[in-house]
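Report on the following structure.
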Ligand code: BGC
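Numbering (my numbering), first residue to last: 33 to 284.
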C-alpha cells in the first residue's frame, strides 16, 4: 500500500509517497520551509502545498512535533502555542479530501525504525530518541508503540532535559562532542533508571554523526544509531496511516 508521509518540523515541512511494505520513498521528497509565524492554519496550507506539488491523491500520514491524540494537538513545547487544541487531522482531511492520520513526530520515526531500521526484530523494551530542536521519544514494548511519551521533558539539574541535551542545546552552548556526550549520558542514565529499556535507538539529524558521541557514552543499555536517518519521519508517518502499523510486531 502506498501512503503519502508528511514530516512537519520547525524549519521544514517534507513529504513523499511511501511504499509502506518496504519503507522506501517512491519519489524525491518535496520540502517547503515552515511558514513563520507557524500558526496551525499556515502549517496546514503548507502541508497541502507539499502534497499538491508531489501530485498526490490518496491516503496521508502526518508526523507533528507535539502530543497528538485523536488527531488533535495537545501540547506545544517547541511550536506556536496556537496549535494546542487544534484538530490537525480534521483540517488536513477537509483540505485534502483524503483519509489522514496524525501522530507525534518521534512516534513516527520510531515506527519506521522498528519496522525497517535499527529496532527491527526487537521484541523487548525499545526507546527511540530523536535529538533535534527538542528531544522526542518513542517507546516500544514487544514491538507495540506506547504513544505520546514525552521523556524529553524529564527534569535534569532543574532544567527541561531537551534544553540541555538536544542538538540545538549542543549548538547553542557550543559544546564539543565529548562535552555533549556527557550531557547526553546524564540524561540517558536517568532514563535508564526509570525505564530499564533493552535497547536505545538514537535518531534525529545528529545520528549521522553518532561515531562522535556514542563511544563516549557510559550507559548500561545498548545504544545504537538510527538507520533510516532523514527518511524515518516521512516513512513512519506513512506507516502510521496504514493497518500495517499493527504489523510492526511481526516485522521480518
Ligand atoms: C515535543 C515532542 C516532540 C519533540 C521532537 C518536544 O519538545 O514535546 O512532542 O516529539 O519535541 O520534535
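We put the CB at the ideal spot given by N, CA and C, even for glycine.
Worksheet item: To the nearest whole angstrom, what separates the beta carbons of residue 229 and residue 159, a pair I think is in contact under 8 Å?
Response: 4 Å
Worksheet entry | Cβ-based burial, residue 121 [other Cβ within 10 Å; buried from 16] | buried
Fill in: Three-state secondary structure assigned by DSSP to residue 144
helix
Worksheet item: Looking at the structure shown, is residue 187 part of a helix, part of a strand, or coil, going by DSSP?
Response: Three-state result, residue 187: strand.
Item to complete: With a floor of 4 residues, list each alpha helix (DSSP H) that falls wholly inside the region 60-106, ordered by position along the chain.
Response: 72-86
Practice prompt. Measure the Cβ-Cβ separation of residue 216 and residue 93 and say whether it is below 9 Å.
Written response: no
Worksheet item: Helix or strand or just coil, what does DSSP make of residue 108?
Response: In this structure, residue 108 counts as coil in the three-state DSSP scheme.
Worksheet item: Roughly how many angstroms lie between the CA atoms of residue 51 and residue 267, to the nearest whole one?
Response: 8 Å
Worksheet item: Touch check for the region 45-59 and the region 103-114: three-plus C-beta pairs under 8 Å?
Response: no
Practice prompt. State the Cα-Cα distance for the pair residue 132 and residue 33, rounded to the nearest angstrom.
Written response: Going by the C-alpha atoms only, they are around 14 Å apart.
Worksheet item: Is DSSP giving residue 169 helix, strand or coil here?
Response: strand
Practice prompt. Tell me whether residue 284 sits in a helix, a strand or coil according to DSSP, three-state version.
Written response: Residue placement at residue 284 cannot be trusted, given a pLDDT of 34 that sits under 50; the coordinates are not used to answer.
Worksheet item: Is the beta carbon of residue 38 less than 9 Å from the beta carbon of residue 82?
Response: yes
Discussion item. Given this structure, state the Cα-to-Cα distance separating residue 128 from residue 85, to the nearest angstrom.
Written reply: Answer to the nearest angstrom: the Cα atoms are 13 Å apart.
Discussion item. Would residue 264 and residue 135 qualify as a contact pair, given that the criterion is a beta-carbon distance under 9 Å?
Written reply: no
Worksheet item: DSSP on residue 118, reduced to helix/strand/coil?
Response: coil
Worksheet item: Can you tell me whether DSSP reads residue 180 as helix, strand or coil?
Response: The three-state secondary structure of residue 180, taken from DSSP, is coil.
Practice prompt. Report yes or no: do the region 252-261 and the region 232-241 share at least 3 C-beta pairs separated by less than 8 Å?
Written response: yes
Discussion item. Under 8 Å: do the region 202-212 and the region 243-253 share three or more Cβ pairs, one atom per stretch?
Written reply: yes
Practice prompt. Figure out for me which residue from 219, 176, 170 has the closest Cα to the Cα of residue 190.
Written response: 219
Discussion item. Check for me: the beta strand (DSSP E) holding residue 265 runs from which residue to which?
Written reply: First-last for residue 265: 264-272, but that is the alpha helix (DSSP H), not the beta strand (DSSP E).
Worksheet item: Taking 8 Å as the cut-off, is the CB of residue 38 close to at least one heavy atom of the ligand BGC?
Response: no
Worksheet entry | Beta-bridge pairing of residue 133 - partner residues as DSSP gives them | 93
Worksheet entry | Run of the alpha helix (DSSP H) containing residue 296, from where it starts to where it stops | Given a span of 33 to 284 for the chain in the structure shown, any question on residue 296 remains unanswerable.
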